[in-house]
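First comes the structure, then the notes that go with it.
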Amino acid sequence: MPLPGFRAGAGEPMLLLHGLGMCWQVWQPVLPPLTERFDVSAPDVPGFGTAAPLAGREPSPEALADAIERHLDDLGWEDAHLVGNSLGGHLALVLARRGRARSVTAFSPGGMVHGWEKAWARGMLRTQYHVSRLLRPLVEAGCRTGVGRTMLFGQVVGRPWLLTEEESLRMARVFGDSPAVLATLEATGHFEDADLTGIDVPVTVAWGTRDIILLPRQGPRFKRALPHARLVELDGLGHTPMTDDPATVAHVILATAEG
Numbered sequence: 000m001p002l003p004g005f006r007a008g009a010g011e012p013m014l015l016l017h018g019l020g021m022c023w024q025v026w027q028p029v030l031p032p033l034t035e036r037f038d039v040s041a042p043d044v045p046g047f048g049t050a051a052p053l054a055g056r057e058p059s060p061e062a063l064a065d066a067i068e069r070h071l072d073d074l075g076w077e078d079a080h081l082v083g084n085s086l087g088g089h090l091a092l093v094l095a096r097r098g099r100a101r102s103v104t105a106f107s108p109g110g111m112v113h114g115w116e117k118a119w120a121r122g123m124l125r126t127q128y129h130v131s132r133l134l135r136p137l138v139e140a141g142c143r144t145g146v147g148r149t150m151l152f153g154q155v156v157g158r159p160w161l162l163t164e165e166e167s168l169r170m171a172r173v174f175g176d177s178p179a180v181l182a183t184l185e186a187t188g189h190f191e192d193a194d195l196t197g198i199d200v201p202v203t204v205a206w207g208t209r210d211i212i213l214l215p216r217q218g219p220r221f222k223r224a225l226p227h228a229r230l231v232e233l234d235g236l237g238h239t240p241m242t243d244d245p246a247t248v249a250h251v252i253l254a255t256a257e258g
């Protein structure tokens, strides 16, 4: 049975993979232009949203990619245009290495986090998780004002004041309620040089200049590992750029998938 999530559209298959602590709905701003051209699946990654955690396995990139491969198999897709953000970008590249990609568009992917950057990213995400859980009433009150949303989500998005109350409440609740946040952070956050050997499909790595979780300086590392990849700078956008500027993000995805 496929993972829970979203599916709509017609055309070549396209898979959207969200980041740690998120759910499939983070892709909602870019779904209209994508579903006009592609058969789009946006699942909840195991352990997040409505998807159960992996049973009996550490949620490493390889183990999570195994689950996503089963999802592809259940859809009857041999391969797909893969799009991922953060952890989802890392998973998209793992799947590409396994031959499951027609193209890859990765926004601020994990997998090239060096030195002190690991403690930085882990610390920010752990803090957000604990705040979302332990201070839930205050967080939900903050989600109802523009100032509160800016304070709460300035780490995650580049333009937090553009978030709606509904979007911010969902983000806070999913992050705080997902059972696999800490385990997945521990199992995925230590990769310094992801194995990208054998990837020969079109790849775009895009990075928001206001990403303060996985820093833009990590982007060129992917370019060095994948010389044929296209590296795109997203001016003024943050770690989850589809919430900042859906039109630009959709354009980057379509430019990669449509060649």
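Per numbering that gives the first Met the number 0, numbering through the sequence shown is continuous, rising by one, with the last residue being 258. All C-beta atoms in this analysis are idealised placements derived from N, C-alpha and C, irrespective of residue type, glycine included.
Taking the C-beta atoms as reference points, Arg-132 is found no nearer than 8 Å to Leu-184.
Per DSSP, the unbroken beta strand (DSSP E) holding Ser-40 starts and ends at 37–42. Ranked by Cα distance from Arg-101, the first of Ala-171, Gln-154, Phe-37, Gln-217 is Phe-37. Taken through DSSP and simplified to helix, strand or coil, Pro-219 comes out as helix.
Counted as a single uninterrupted DSSP element, the stretch harbouring Glu-257 is not any alpha helix (DSSP H), since DSSP gives it neither H nor E. Residues Gly-157, Leu-233, Leu-236, Gly-237, Pro-240 of the same chain have their beta carbon placed closer than 6 Å to that of Gly-207, with the five preceding and five following residues left out of the count. Restricting attention to Ala-120, Val-29, Trp-115, Ala-205, the CA atom closest to the CA of Ile-211 is found in Ala-120.
Nearest neighbour of Phe-106 by Cα position, chosen from Gly-75, Ile-252, Gln-24, turns out to be Ile-252. Using a 10 angstroms sphere on the CB of Thr-163, the tally of other CB atoms stays under 16, which defines it as exposed. Classified as buried, Arg-99 has 16 or more neighbouring CB atoms from the shown chains inside 10 Å of its CB.
Distance check between Ala-186 and each of Pro-58, Leu-151, Leu-213 places Pro-58 closest, using alpha-carbon atoms only.
Inclusion of Pro-201 and Gly-258 in the CB contact set at 8 Å is warranted, their separation being smaller than that value. Per DSSP, the unbroken beta strand (DSSP E) holding Leu-15 starts and ends at 11–16. The Cβ-Cβ distance between Gly-145 and Trp-160 falls below 8 Å.
Distance between Val-138 and Met-123, taken at the CA atoms: about 16 Å. Per DSSP, Arg-148 is not a residue of any beta strand (DSSP E); the alpha helix (DSSP H) it occupies stretches across 145–152. The alpha-carbon separation between Ala-182 and Leu-90 amounts to approximately 16 Å. Fewer than three Cβ pairs drawn from the region 2–12 and the region 163–173 lie within less than 8 Å of each other, which leaves the two stretches out of contact.
Across the set Thr-242, Glu-191, Ala-246, Ala-254, the C-alpha of Thr-242 shows the shortest separation from the C-alpha of Trp-23. Rounded to whole angstroms, the Cβ separation of Arg-135 and Gly-175 is 7 Å, and the two are in contact under 8 Å.
With contacts defined by Cβ atoms closer than 8 Å, Glu-68 and Leu-33 do not form a contacting pair.
Distances from the CA of Ala-171 to each of Pro-60, Tyr-128, Leu-195 were compared; the closest alpha carbon is that of Tyr-128.
Judged by beta-carbon spacing, Ile-198 lies within the 8 Å limit of Leu-92, meaning their Cβ atoms are closer than that value. Setting aside the 5 residues that flank it on each side, Val-130 is surrounded in the same chain by Val-138, each with a C-beta closer than 7 Å to its C-beta; the list follows chain order.
Shown here for Lys-222: same chain residues with a beta carbon closer than 8 Å to its own, the five before and five after excluded, namely Val-204, Ala-228, Leu-230 in chain order. Around the beta carbon of Met-21, 16 or more other beta carbons sit within 10 angstroms, so the residue counts as buried.
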